[in-house]
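Start counting the sequence shown at -14; every next residue gets the next number (this note's numbering). Glycine included, every Cβ here is placed at the ideal spot set by N, Cα and C. Please read these numbers as outputs of a predicted model, since none were measured by experiment. Scroll down for the structure; my scribbles are underneath it.
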Amino acid sequence: MTTPTNSSAATLEKLVALCKRRGFVYQSAEIYGGLNGVYDFGHLGYLLKENIKQSWKQAITTTEPNIVFLDGSLLGAADVWKASGHVEHFSDPMVDCMNCKHRYRTDDVDLERACPHCGKKAWTAARQFNMMFQTNLGAAADQASVAYLRPETAQSIFINFKNVLSTYRVKVPFGIAQIGKAFRNEITPKQFLFRMREFEQMELEWFCKPENSAYYFERWSQARKDFFSSIGINPERIRLRPHEKNELSHYSVACNDVEYRFPFGWKELEGIAHRGNYDLSQHSKFSGKDLGVYDEETKQTYLPDVVESSVGVDRLFLTLLFDAYYEDVVDNETRVVLRFSPKIAPIKAAIMPLTKKQTEAAEKIYADLRRKGYQIQFDESGSIGKRYRRQDEIGTPVCFTYDFDSENDHKVTARNRDTLTQERIAIDQLEQYLDAMLKNR
Ligand code: ATP
């Protein structure tokens, strides 16, 4: 047995292939040629996403106690998106190549040069392209029936601000959090799960008194940055980057991006924005409803400020894959391993009988641990080495093998994914073993 060499060798192509091979992610409508920028998640992808969401919920609610959740609609009334500024401003500049008809975001190409696709230089003038998906509600396709698939989850939080305030015992400062789908008609979806047309966001809108917003902006920026190392991401590949004044959106007072160092450069993973009272004031103005809060101390009504944090589930999914992917040489053979932290790993342990003779006894352990709620797998096909490799590739932290000695000593061999060390563990101690493993990140 050799010690793993620890070489991270992740490329986008390798991750796409692994995700397909092991059932994490499939291209949507693949049998019909594929739908660009849209993906389906298989069993393991679903479990990984669930773990990501669970960790996020846990992280925000332990940072601040006053947080309630919302699950808003995906279809949004046109008025909402007019008030938020999306109808007018939510666009990217694009150009077309008149020769080959390829379309680009202007910041993705050098307009001084030829089209990277056909090699001719025949650009149209740059124009704005609104990224919202528009639809019509009901049979009449007229202006009055226009609605939009939401391009972010935040607005459903702002338009329900008064509902939440009057139906829960929340008091400023407090947060409304939401996990849900968002849709953007990206001109050029790319880099797999990095830029998609349908994706999921985890957003927190933190409402506070204006005099405290600078404090909360710093507090949430730090807490959100720390979150990524708490789920096992290498802190050296994470940084917080404040926006320059000229980068700020029209509504932002300040903005910090948490960035990850992808093989294609430092890129935004999460945005933390000090939005002032822009959203509540816009919705008050457009709806004619007063969204102000009564302050018991000053006996006056005011609009709270908002600190927003917003991260994509899928972009974080991709980040976790990049960060965890290693190719090791073990016994002169290369193995692919995903070094997920146990908390994030979709499968926590695999139970394996060494030969068919031990199947029944191993199945008993499997059933017992499953009943206790652990997300585990039973694997009996192929050589033990092959089974280990299979589990390494999906990031399972430990494999328990029931072998010839198990019947006598009531122990299994626990094989560690990262160190490859093996130790004997009493069968009645497996629950404690897993709990300790899951506590350590
Ligand atoms: P970018 O500059 O990368 O387009 P953005 O600034 O438009 O991102 P926000 O509107 O701040 O992004 O969205 C918050 C988060 O949602 C992003 O940090 C990212 O994690 C995720 N996200 C945004 N757009 C997409 C997309 N097209 N596909 C996947 N995730 C996305």
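Item: Sheet register partners of residue 163 (DSSP bridge); Value: 188
Item: Buried/exposed call for residue 247, threshold 16 Cβ in 10 Å; Value: buried
Item: Sequence-distant residues of its chain with Cβ nearer than 7 Å to residue 161 (five each side left out); Value: 53, 55, 142, 149 and 190
Item: Contiguous beta strand (DSSP E) assignments of at least 3 residues, all confined to the stretch 4 to 84; Value: 10 to 12, 24 to 26, 52 to 54, 60 to 62 and 76 to 81
Item: Extent of the continuous beta strand (DSSP E) run through residue 134; Value: 131 to 134
Item: Distance CB(residue 302)-CB(residue 45) smaller than 8 Å; Value: no
Item: Limits of the alpha helix (DSSP H) - the one that residue 268 falls within; Value: 263 to 272
Item: 3 or more residues per run - each beta strand (DSSP E) lying fully within the stretch 357 to 388; Value: 361 to 363 and 383 to 387
Item: Buried or exposed (CB count within 10 angstroms, at least 16 for buried), residue 213; Value: buried
Item: Coarse secondary structure for residue 398, derived from DSSP in three states; Value: strand
Item: Beta carbon proximity, residue 380 to chain B, threshold 8 Å; Value: This model lacks chain B altogether, as it is built from one protein chain only.
Item: Run of the beta strand (DSSP E) containing residue 319, from where it starts to where it stops; Value: 318 to 323
Item: The ligand ATP heavy atom lying under 7 Å from the CB of residue 186; Value: yes
Item: Best match in 133, 155 and 19 for proximity to residue 50 [C-alpha to C-alpha]; Value: 155
Item: Rounded C-alpha distance that separates residue 110 from residue 151; Value: 50 Å
Item: Selected residue, minimal CA-CA separation from residue -5, among 305, 30, 274 and 272; Value: 305
Item: Helix, strand or coil at residue 138 according to DSSP, with G and I counted as helix; Value: coil
Item: Residue range of the unbroken beta strand (DSSP E) whose run includes residue 169; Value: Looking at the DSSP string, residue 169 is not in any beta strand (DSSP E), and its letter there is neither H nor E.
Item: Which of helix, strand or coil DSSP assigns to residue 299; Value: helix
Item: Residues near residue 216 by beta carbon distance below 7 Å, same chain, minus five either side; Value: 40, 326, 328 and 329
Item: For residue 182 and residue 136, believed in contact at Cβ under 8 Å, the rounded distance; Value: That belief does not hold up - the Cβ atoms of residue 136 and residue 182 are roughly 10 Å apart, past 8 Å.
Item: Alpha-carbon spacing of residue 196 relative to residue 380, whole angstroms; Value: 46 Å
Item: DSSP-derived helix/strand/coil call for residue 434; Value: Outside the displayed range of the chain (-14 to 426) lies residue 434, so it cannot be described from this structure.
Item: Residue 437 (DSSP reduced to helix, strand or coil); Value: Since the first residue shown for the chain is -14 and the last is 426, residue 437 is missing from the structure and cannot be characterised.
Item: Status (buried if at least 16 other CB within 10 Å, exposed otherwise) for residue 126; Value: exposed
Item: Per-residue DSSP class, three states only, for residue 407; Value: strand
Item: Contact test: residue 297 Cβ vs the ligand ATP heavy atom, cutoff 7 Å; Value: yes
Item: N-terminal and C-terminal residue of the alpha helix (DSSP H) that residue 211 is part of; Value: 198 to 215
Item: Under 8 Å between C-beta atoms of residue 265 and residue 241; Value: no
Item: Cβ shell of residue 64 (< 8 Å), same chain only, five flanking positions each side left out; Value: 271 and 272
Item: Residue 118 Cβ short of 7 Å to the ligand ATP heavy atom set; Value: no
Item: Nearest-angstrom Cα separation, counted from residue 360 out to residue 321; Value: 22 Å
Item: Whole-angstrom distance between residue 3 and residue 313, CA atom to CA atom; Value: 16 Å
Item: Spatial distance of residue 81 from residue 97 (CA atoms); Value: 14 Å
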